[in-house]
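Quick notes on the structure that follows.
Numbering (this note's numbering), first residue to last: 575 to 1112.
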């Protein structure tokens, strides 16, 4: 598949189409008069010629066109020089949402991917050998399983826990939007496929718990593997030292999962609840935070953090929801009082999960602090995200100077916060702003690209993803979302190719080598599933 080098269109659209239930929005990078026509050529809307303000992130003069709710059909935007068609249909995003979930199936480790369900992306079992404790090589442990974290073959407890958190809350809040059969080995088992997929990671997270309750931070080699197929990566894997953040995130995730799986597998739920309680005990016995730093000689992803207050907060909230014990309410209230970012749903900042748990799982029973006070603080912080969308030419929930490595994460995290705030308040403005972030991910952006592999007219063809680069298949593994533009911490080679003066929202390369702009990650797929499930809900 050749790299798509076509010039970007003057009209930036959601390349997977639009839903008949929601307002249709597109971005126009043209100052000419614009017309919207239906398939019969009838003019439905017209916009006069206009010089829009320059969008700081893209450097473009962008007009955001609001076409309102449209009936099913094919439509066309034109400025007299260029035309672009789009479709409106019922539940058009179910396919891409399901693909994003199945994209995690292709990341399965410790097993073979059979051609019967993985098609051309099948491969033999990988990474099945016992792991060694980095600090004591005499300790050997079966830590097989889980998802490959990103474009590499490492597995990391904190990011994995966050990924499962996104997916489980998507299921809890929007089950009809993420309940399709995926064609994975567990399909037809009677358990929804999204929960079967989560279980694959949860079983691995349980293996990463030490006897004293702490969790090893990650399972990786000393260095990243070259771009080889997963089954050919046979160097020794190591359990890297335990960490507060990994233990806190795993504690929270397992407590959450114990509630979800209680109805379909009580024994599994009990095992996770017990593991979460052991993790909490370790955190209580080790109150002084120690940041994780890669041991000398280790060069794989560090996933370091400067605090575990947010992980402890999420864990206390989930344990309160799972057990009802007052000690967890007391802990959560104290951690809330220390200050939390309640709209963050990333691997480093997980306070939003604690807010989600209190506001939607526990509800008013959480009490005046964890419901009343937290609700007020959450809505206030969400207003700051909404304000970002108002000053962006594309309506993107990201400041021009915040296009970081994996910029898709804060954008989708912002969408999650606005979705939740809309559910709390009924404000359509918040819902519509959240929908703009979904449009961004699927093509309505400054590089005119659908960031999900396998979808869109102009899509990602060369992600930084070892299986895609080594499998001999022309198309990349489908259902993987690219991290997107990154001008905060780009690699020198990217700066040289893109140009130092390129605006942040265009600082992106569709090249395998560009991990800084075009890597994939499980915890980027998962918030996309949450947002897609919301807008695909029947």
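Where is the CB? At the ideal position from N, CA and C, for every residue including glycine. Model, not experiment: these values are computed from the prediction.
> To which residues of the same chain is residue 1021 closer than 8 angstroms at the C-beta, ignoring the five residues directly before and after it?
Replying inline: Contacts found: 582, 1059, 1079, 1080 and 1082.
> To which residues of the same chain is residue 948 closer than 8 angstroms at the C-beta, ignoring the five residues directly before and after it?
Replying inline: 910, 916, 929, 932, 933 and 940
>> Please list the terminal residues of the continuous beta strand (DSSP E) segment that includes residue 707.
In response: 705 to 707
> Is residue 638 helix, strand or coil when you go by DSSP?
Replying inline: strand
> Is residue 855 helix, strand or coil by DSSP?
Replying inline: helix
> What are the uninterrupted segments assigned as alpha helix (DSSP H) that are 4 or more residues long and contained completely in the segment 1029 to 1063, given in chain order?
Replying inline: 1040 to 1044
> Name the DSSP bridge partner or partners of residue 683?
Replying inline: In DSSP, residue 683 forms no bridge with anything.
> Can you name the residues that DSSP bridges to residue 1014?
Replying inline: DSSP output for residue 1014 lists no bridge partner at all.
>> Whole angstroms are fine: how far does the CA of residue 978 sit from the CA of residue 962?
In response: 16 angstroms
> Hey, how far is the Cα of residue 895 from the Cα of residue 687?
Replying inline: 36 angstroms
>> Quick check: what's the CA-CA separation for residue 579 versus residue 1053?
In response: Because the pLDDT at residue 579 is just 48, under 50, the model does not fix this residue reliably, and the value given afterwards should be weighed accordingly. Whole-angstrom Cα-Cα distance: 22 angstroms.
> Out of curiosity, what's the CA-to-CA distance linking residue 905 and residue 719?
Replying inline: Their backbone Cα atoms lie some 33 angstroms apart in a straight line.
> Which partner residues of residue 649 appear in the DSSP bridge assignment?
Replying inline: 612 and 660
> Below 7 angstroms between beta carbons: does that hold for residue 921 and residue 736?
Replying inline: yes
>> To the nearest angstrom, how far is the alpha carbon of residue 847 from that of residue 981?
In response: 33 angstroms
>> So the candidates are 693, 692, 695 and 699; which of them puts its Cα closest to the Cα of residue 685?
In response: 699
>> Going by the DSSP bridge assignment, what does residue 1094 pair with across the sheet?
In response: 1056
> If we count the other Cβ atoms within 10 Å of its Cβ and call it buried at 16 or more, is residue 1000 buried or exposed?
Replying inline: Result: exposed.
> What first and last residue would you give for the beta strand (DSSP E) that runs through residue 824?
Replying inline: No beta strand (DSSP E) contains residue 824, which is instead part of the alpha helix (DSSP H) from 818 to 835.
>> To the nearest angstrom, how far is the alpha carbon of residue 640 from that of residue 901?
In response: When rounded, the distance between both Cα atoms is 50 angstroms.
> Would residue 1017 count as contacting chain C if we go by Cβ distances under 7 angstroms?
Replying inline: Although the question refers to chain C, the structure presented lacks it and comprises just one protein chain.
> Mind checking whether residue 1096 and residue 721 have CB atoms under 7 angstroms apart?
Replying inline: The answer is yes: Cβ separation under 7 angstroms.
> Run through DSSP, which three-state label would residue 585 get?
Replying inline: Reduced to three states, the DSSP call for residue 585 is strand.
> Where does residue 652 land, buried or exposed, given buried means 16+ other C-beta within 10 angstroms?
Replying inline: buried
>> Does residue 797 come out as helix, strand or coil in the three-state DSSP assignment?
In response: coil
> Going by beta carbon distance, what residues of the same chain come within less than 6 angstroms of residue 825, once the five residues before and after it are set aside?
Replying inline: 850, 853, 854 and 889
>> Taking the beta strand (DSSP E) that residue 621 belongs to, which residues open and close that run?
In response: 617 to 621
> Would DSSP call residue 600 helix, strand or coil?
Replying inline: Here residue 600 sits in strand by DSSP.
>> Rounded to the nearest angstrom, what separates residue 742 and residue 609 at their Cα positions?
In response: 42 angstroms
>> At the level of alpha carbons, what is the spacing between residue 576 and residue 836?
In response: Note on residue 576: pLDDT 38, under 50, position unreliable in the model; the coordinate value appears next. If I take the Cα positions, the gap works out to 48 angstroms.
> What are the boundary residues of the alpha helix (DSSP H) that residue 872 is part of?
Replying inline: First-last for residue 872: undefined, no H or E at that position.
>> Can you tell me where the alpha helix (DSSP H) holding residue 773 begins and where it ends?
In response: 767 to 781
> Roughly how many whole angstroms lie between the Cα atoms of residue 614 and residue 986?
Replying inline: 36 angstroms
> What number of angstroms, rounded off, separates the C-alpha of residue 878 from the C-alpha of residue 1104?
Replying inline: 25 angstroms
> What residues in its chain sit with their C-beta under 8 angstroms from that of residue 970, if we drop five residues either side in the sequence?
Replying inline: Answer for residue 970: 631, 962, 963, 985, 1010, 1011, 1014, 1019 and 1079, listed in chain order.
>> According to DSSP, is residue 945 part of a helix, a strand, or is it coil?
In response: Helix at residue 945.
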